[in-house]
Structure formats: structure tokens, C-alpha cells
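Residue numbers (my numbering): 119 to 375. The structure appears right after this line, and notes come after that.
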Ligand SMILES: Nc1ncnc2c1ncn2[C@@H]1O[C@H](COP(=O)(O)OP(=O)(O)OP(=O)(O)O)[C@@H](O)[C@H]1O
Ligand SMILES: [Mg+2]
């Protein structure tokens, strides 16, 4: 059984940072191997994790769609996708990274998307933990390229408008029928406490238990100079909150002994 986590929210609120710190917390707990999925076409999960993705799944799909003759004789399309998806995996210590690339190029990839989704499902089944950094706007959920989730982490900045967007993301998820077992709202980059008005918006939407992550100089510095967030010092205050979340929501239910 694989425990799948997706991080989403509007642009620039800290989704990639939160995703990278969830991976870090799982690594620290030796909850491995982890499949990290960069579902954002802009591809920056790799930098936050301190690795460099080379191939993307989008390129594979385009290849197979444009040139079916590229599929070796005797290999079914689904075997070909399984093989190519595994080839696109970047292997690191304790985790592998899969970059999705562009969701669609010119032309219709509906059939390819379907086969790809099945290949992704088979891949995630072989990892106990999957952490997905989604693009802003929930494109992957709306295209239903995301399978059911154990934990949806929705991130907002400490503004009322941000919180309202987050509530809409949750409503969209429900409408699309993506099954989500558990949801965690995060208010990121908080100075002191999140404004009361923000907490009210979240509480009214039934998201009263939002976690607050402090504005952190070290995270900003690392992003500015290109140092991976995965290597934040162990006592970093933002990492501590994420570690608490992972222990409470993810590890408590999945470690047998
Ligand atoms: N708690 C924090 N304290 C300080 N800076 C932060 C914090 N969280 C994120 N940031 C900074 O905010 C910026 C945006 O973060 P990040 O790239 O994780 O957001 P994102 O939601 O993934 O953005 P995008 O929508 O572009 O993918 C980065 O420069 C990051 O360093
Ligand atoms: Mg991002």
C-alpha cells in the first residue's frame, strides 16, 4: 500500500517548499523509499530536493504519440509506457523523482494520458510514500491525472484572498470526485499569527485546524542562492512544524510496529 500526499494551492504560496520539507521529514524518519512527483510543468521540485531532473514524462508521451512506430515490436503500449516512465525516474538517496513535464502539447493526448495514468498508478504502488508537488490551479486534479489521495495539503499565504482561493480548491476537489482521505490546510509565511480574518475564512469552510508556518529567513536565503531546502538545518522552525504534521498524519497510520 502506498500513502499518497499532494501539495497544492495558488501560485507562489510555498507548495514546492512544503513538498520538499515533507520529503525531508519522511527521509529523517527513514520512511523510504519515497516517490517525489513534480506535477508542475515549471519543474522546480528537483532544485528544492537538491537533484536535477533530466527527462520528463511529458516528453515520453509526446514521443509515443507522435511516433507509434517508436514502440518496439512485440511491446504493448502499456508495457512501453511502464518502461519509459521507469526510465524517466531519477534515483537519489531514499527517494526517486519523477517529473511530469507539460500536461499537454499540441494535439490530443487523451488516450496517451489514460495509459500514462495507469503506468503512474503501477509505479506509485511500488513506493510506500508518494509526495506530489502540484501546479497552481489544480490542473492535475481537474484532468484527473491524480489518483485518490490519502492527504491533500492545501497551502495559502496569510491573506483573506489566499484563504478564499484555498477554499475554492477544496470545493473543486470535491466536485471532481477525487477521493481525499484527509486534508491539511497550511497558512505559510506567517509573522506572529495568521490574521483573524484569514482564520475565520478557513474555519467557516471547516478548515479550522490550519497549521501556521513562520516566515523563515533561512528558506528565503536558500532559494536566493540555490541551496536545496531538503538540507535545511534539523532545528529549522518550519521543518519542525512539517515534521509534526508528517508524524501525526502520515507515519502514525502507516508504520506497523
Ligand atoms: N515559510 C517561508 N518563509 C520564507 N520564505 C518562504 C517560505 N515558504 C516559501 N518561501 C519562499 O516563497 C517563494 C515561493 O515558494 P515556492 O516556490 O515553494 O512556492 P510555490 O507555491 O511552489 O510556487 P509556484 O506556484 O511558482 O510553484 C520562494 O522564494 C520560497 O523561498
Ligand atoms: Mg512550486
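Ideal Cβ placement from N, Cα and C applies to all residues, glycine included.
Taking the alpha carbon of residue i as the reference point, which residue from the options has its own alpha carbon closest?
i	options	result
residue 206	308, 266, 155	155
residue 172	307, 203, 194	203
residue 237	175, 220, 208, 277	175
residue 140	163, 285, 158	163
residue 266	194, 190, 250, 220	250
residue 244	150, 191, 193, 217	150
Indicate, with yes or no, if ligand 1 has a heavy atom lying under 6 Å from the CB of residue i.
i	result
residue 343	no
residue 130	yes
residue 331	yes
residue 135	yes
residue 353	no
residue 254	yes
For a test of your reading of the model: does the CB of residue i fall under 6 Å from any non-hydrogen atom of ligand 2? Yes or no.
i	result
residue 162	yes
residue 239	no
residue 158	yes
I'd like to confirm the pairing. Which residues does DSSP put opposite residue i in its beta bridges?
i	result
residue 247	121, 152
residue 346	The partner list for residue 346 (beta bridge, DSSP) is empty, contrary to what the question assumes.
residue 337	For residue 337, which the question treats as bridged, DSSP gives no partner whatsoever.
Between the beta-carbon of residue i and the beta-carbon of residue j, is there less than 7 Å?
i	j	result
residue 133	residue 273	yes
residue 276	residue 312	yes
residue 252	residue 165	no
I need the straight-line Cα distance from residue i to residue j, nearest angstrom please.
i	j	result
residue 370	residue 292	25 Å
residue 233	residue 196	6 Å
residue 270	residue 344	27 Å
residue 321	residue 334	25 Å
residue 168	residue 152	15 Å
residue 136	residue 348	10 Å
residue 310	residue 331	10 Å
residue 307	residue 138	16 Å
Give a yes or no on whether the minimum CB-CB distance between residue i and chain D is below 7 Å.
i	result
residue 298	The structure shown contains no chain D; it is built from a single protein chain.
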